[in-house]
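Which chain is which? The protein sequence lines are A and B, in order. Here the first sequence stands for residues 64 to 73, numbered as in our numbering. Here the second sequence stands for residues 73 to 284, numbered as in our numbering. All C-beta atoms in this analysis are idealised placements derived from N, C-alpha and C, irrespective of residue type, glycine included. This one's a predicted model, so the numbers in the text were calculated from it and none came from an experiment.
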Amino acid sequence: ETLKKDKDEL
Amino acid sequence: MNIFRLTGDLSHLAAIIILLLKIWKTRSCAGISGKSQILFALVFTTRYLDLLTSFISFYNTIMKLIYIGCAYATVYLIYMKFKATYDGNHDSFRLEFLVVPVGGLACLVNHDFSFLEILWTFSIYLESVAILPQLFMISKTGEAETITTHYLFFLGLYRALYLFNWIWRFYFEGFFDMIAIVAGVVQTILYCDFFYLYVTKVLKGKKLSLPA
Chain A
64 ETLKKDKDEL
Chain B
73 MNIFRLTGDL SHLAAIIILL LKIWKTRSCA GISGKSQILF ALVFTTRYLD
123 LLTSFISFYN TIMKLIYIGC AYATVYLIYM KFKATYDGNH DSFRLEFLVV
173 PVGGLACLVN HDFSFLEILW TFSIYLESVA ILPQLFMISK TGEAETITTH
223 YLFFLGLYRA LYLFNWIWRF YFEGFFDMIA IVAGVVQTIL YCDFFYLYVT
273 KVLKGKKLSL PA
């Protein structure tokens, strides 16, 4: 979940 | 998502569209650094490979596709369609002076030594210096078309807004990414000189010209 969270920016 | 990130993304989108329309409508890329546009295409390509591996949201996916599509369309217009109007003599910044050190740094300073993470880190570092050929070209020609200054303004504003987004996310979500923040600060600082000229000249209706 953290991986997805910290790469949710463009 | 927060207001700073949303306005930042929209500012970035505005910049990309302004540039594409400027070249398409005037059928000329005079004053535009093709090298910076190549770097931006490289930034988006190396950063958005995760389009193939993970789905985050429709907004995320669509914006990434628009950014990549516009970046390559702009490079195509500059180096193919309107090649005759490309001012190669003034677009003389050596790309290897940016790509090689950035590539080395991405291998040394990163969150995780994995393929996608190294590429993401490379794209973050490269984006922070990708505008240098464009700023260098303006300093050589001593001037910039007004529409080009609006492009640069929105492009510089987007990462400045992202700085506020990161403050917001640190405060409300406890999230922060030191690599993105440091690179974002560097990127925004590189625009300060231009921002000053933009506010003091362009917004007063004057043409942006540097003391030769």
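Same chain, Cβ closer than 6 angstroms to residue i, five either side skipped, listed in chain order
| i | result |
| --- | --- |
| Ala216 of chain B | Gly103, Ile210, Leu280 |
| Ser200 of chain B | Ala255, Val258, Gln259 |
| Leu66 of chain A | In this prediction, Leu66 of chain A has a pLDDT of 45, which is less than 50 and means its spatial position is unreliable; what the coordinates show is noted afterwards. Answer for Leu66 of chain A: no residue qualifies. |
| Lys144 of chain B | Note that residue 144 of chain B corresponds to Tyr in the displayed sequence, not to Lys. If we look at Tyr144 of chain B and ignore the five residues flanking it on each side, its Cβ neighbours are Ala113. |
Residue i - containing alpha helix (DSSP H), residue span
| i | result |
| --- | --- |
| Gly176 of chain B | 168-180 |
| Tyr131 of chain B | 130-148 |
| Glu217 of chain B | Unbroken run through Glu217 of chain B: none, as it is neither H nor E. |
| Pro205 of chain B | 204-213 |
| Leu82 of chain B | 75-98 |
| Ala255 of chain B | 250-272 |
| Ile110 of chain B | 106-119 |
Whole-Å CB distance - residue i paired with residue j, under 8 angstroms assumed
| i | j | result |
| --- | --- | --- |
| Ile95 of chain B | Ile150 of chain B | 7 angstroms |
| Asp122 of chain B | Leu188 of chain B | 6 angstroms |
| Ser195 of chain B | Thr118 of chain B | 4 angstroms |
| Leu198 of chain B | Leu170 of chain B | 7 angstroms |
| Tyr230 of chain B | Ser83 of chain B | 4 angstroms |
| Asp163 of chain B | Ser126 of chain B | That pair is no contact at about 36 angstroms. |
| Cys101 of chain B | Tyr158 of chain B | 5 angstroms |
Simplified DSSP state of residue i, which is helix, strand or coil
| i | result |
| --- | --- |
| Glu189 of chain B | helix |
| Ser195 of chain B | helix |
| Ser164 of chain B | coil |
| Ser281 of chain B | strand |
| Asp184 of chain B | coil |
| Tyr158 of chain B | coil |
| Asp71 of chain A | coil |
| Leu124 of chain B | coil |
| Gly103 of chain B | coil |
| Phe247 of chain B | coil |
Beta-carbon contacts of residue i that lie in its chain and below 7 angstroms, excluding the five residues immediately before and after
| i | result |
| --- | --- |
| Ile90 of chain B | Ile219, His222, Tyr223, Phe226 |
| Gly175 of chain B | Phe194 |
Cβ shell of residue i (< 8 angstroms), same chain only, five flanking positions each side left out
| i | result |
| --- | --- |
| Asn237 of chain B | Asn74, Phe76, Arg77, Gly80 |
| Leu167 of chain B | Lys107, Ile110, Leu111, Pro205 |
| Met135 of chain B | Asp81, Leu85 |
| Ile138 of chain B | Leu85, Ile88 |
| Phe248 of chain B | Trp238, Arg241, Phe242 |
For the structure I just gave you, are there three or more beta carbon pairs, one from the region 98-118 of chain B and one from the region 252-272 of chain B, closer than 8 angstroms? Segment contact: the region 98-118 of chain B against the region 252-272 of chain B, fewer than three CB-CB distances shorter than 8 angstroms; contact not assigned.
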